[in-house]
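Undergrad: Chains as they are written, first to last, in the working numbering: chain Z, 7 to 137; chain E, 2 to 98.
If you scroll down you'll find the structure; I have some questions about it.
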Amino acid sequence: MAVDPQAALRTSLPTGTSLLVVFVPSKDRSGAPIDQDYWVDAVLSTLGREFRGATAYPRGRGVWRDDAKGGELLKEEPVIVFSYAAEETVTMDSLGALYRVLSRMGRETNQGEVGVVIDGKYYGITEYGEG
Amino acid sequence: MLPEKDILAALHATRVVPVPVSNPHGPLGLEHLAACLQGIVPAAQEDGTHVRRPITLPLETWQKLIAMAHELEERESRPVAPSDLAAALVVQAMESR
């Protein structure tokens with residue numbers, strides 16, 4: 007008999023909840039490491055202030071061999087920061103605050119693009135205004 | 002919930018891409034989301050020497066790439082995306098020309 011795990015475990019998001027996910031990179035576009043802890047704190051603070059809570063989830067450390075670069079080992083360890091936000095808190099003002107921190111992160115850490123996933127859609131940001 | 006055009010405007014976003022994982026649950030869900038985003042978010046290595054282009058492959062070819070990527074993951078104990086494998090194969094083939 008087929009079982010719906012979400013129904014059995016009651017793991018669906020509460021009605022009226024949006025999931026926002028931000029990936030904080032570990033290096034800039036040229037491969038140089040960035041102050042990731044600082045930016046994780048900055049994103050956490052913004053999500054906490056605007057959406058009443060957030061969690062940073064460090065992924066497993068990874069390494070891969072880039073044979074196109076003579077076997078150079080490249081490491082990428084982005085931190086996932088997410089927030090379950092009540093829909094009424096996802097406003098133009100709160101997203102504007104999120105834009106300001108992401109824009110600053112993109113500009114100051116020399117990213118080609120930063121982005122946020124909101125309810126299953128990735129929004130890519132390449133224009134880093136002063137906010 | 003704000004309409005997409007308002008979110009785009011508030012975030013000054015230049016593009017919006019649907020993500021196949023709409024409702025990730027827990028750490029594994031977030032890992033799944035992160036894996037899906039690998040094909041969406043520009044890699045940090047994009048520094049003017051690399052480009053990202055969408056290409057079309059036969060379904061059978063893609064399925065073989067997925068299987069090969071799984072084999073590599075198990076053998077080398079590191080994540081291997083089918084798209085990265087496809088890129089490596091193309092680079093290797095072109096270097097031999």
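Beta carbons are placed, not taken as given, at the ideal position from N, Cα and C, and that holds for glycine.
Note that this is a predicted model, so its numbers are computed, not measured.
Determine, using beta carbons only, whether Glu56(Z) and Ala91(Z) come nearer to each other than 9 Å.
TA: Taking the first residue of the first sequence as 1, we reach residue 56(Z) at position 50. Taking the first residue of the first sequence as 1, we reach residue 91(Z) at position 85. Taking 9 Å as the Cβ cut-off, Glu56(Z) and Ala91(Z) qualify as a contacting pair.
Undergrad: I need the straight-line Cα distance from Leu53(Z) to Glu61(E), nearest angstrom please.
TA: The sequence position of residue 53(Z) within the first sequence is 47, counting from 1. The sequence position of residue 61(E) within the second sequence is 60, counting from 1. Taking the straight line joining both Cα atoms gives about 42 Å.
Undergrad: List, in order along the chain, the chain Z residues whose C-beta lies closer than 8 Å to that of Val42(E)?
TA: On the second sequence, residue 42(E) is found 41 positions in, with the first residue counted as 1. Ordered by position in chain Z, the residues that pass the 8 Å Cβ test against Val42(E) are Phe29, Glu119, Gly121, Tyr128 and Gly130.
Undergrad: Tell me the DSSP secondary structure of Val96(Z) in three-state form.
TA: Taking the first sequence and counting its residues from 1, the one referred to as residue 96(Z) is at position 90. Three-state result, Val96(Z): coil.
Undergrad: Does the CB of Ser6(Z) have a neighbour CB from chain E at under 9 Å?
TA: There is simply no residue 6(Z) to check, as chain Z begins at 7 and stops at 137 in what is shown.
Undergrad: State the start and end residues of the unbroken alpha helix (DSSP H) segment that holds Gly54(Z).
TA: Numbered from 1 along the first sequence, position 48 holds the residue referred to as residue 54(Z). Run containing Gly54(Z): Gln42 to Phe57, per the alpha helix (DSSP H) assignment.
Undergrad: Between the segment 40-52 of chain Z and the segment 83-98 of chain Z, do three or more beta carbon pairs fall short of 8 Å?
TA: Enough Cβ pairs lie closer than 8 Å, so yes.
Undergrad: Under 8 Å, with one C-beta from each stretch per pair, do the segment 112-123 of chain Z and the segment 57-64 of chain Z reach the 3-pair mark?
TA: No: fewer than three Cβ pairs fall under 8 Å.
Undergrad: Restricting to Cα atoms, I'd like to know which of Asp34(Z), Gly118(Z), Ile131(Z) and Lys127(Z) is closest to Gly102(Z).
TA: On the first sequence, position 96 is the one that residue 102(Z) refers to. For Gly102(Z), the nearest C-alpha among the options comes from Ile131(Z).
Undergrad: Look at the alpha carbon of Lys127(Z) and the alpha carbon of Val17(E), and state the distance between them as a whole number of angstroms.
TA: In the first sequence, counting from the first residue as 1, residue 127(Z) sits at position 121. In the second sequence, counting from the first residue as 1, residue 17(E) sits at position 16. One C-alpha to the other measures close to 6 Å.
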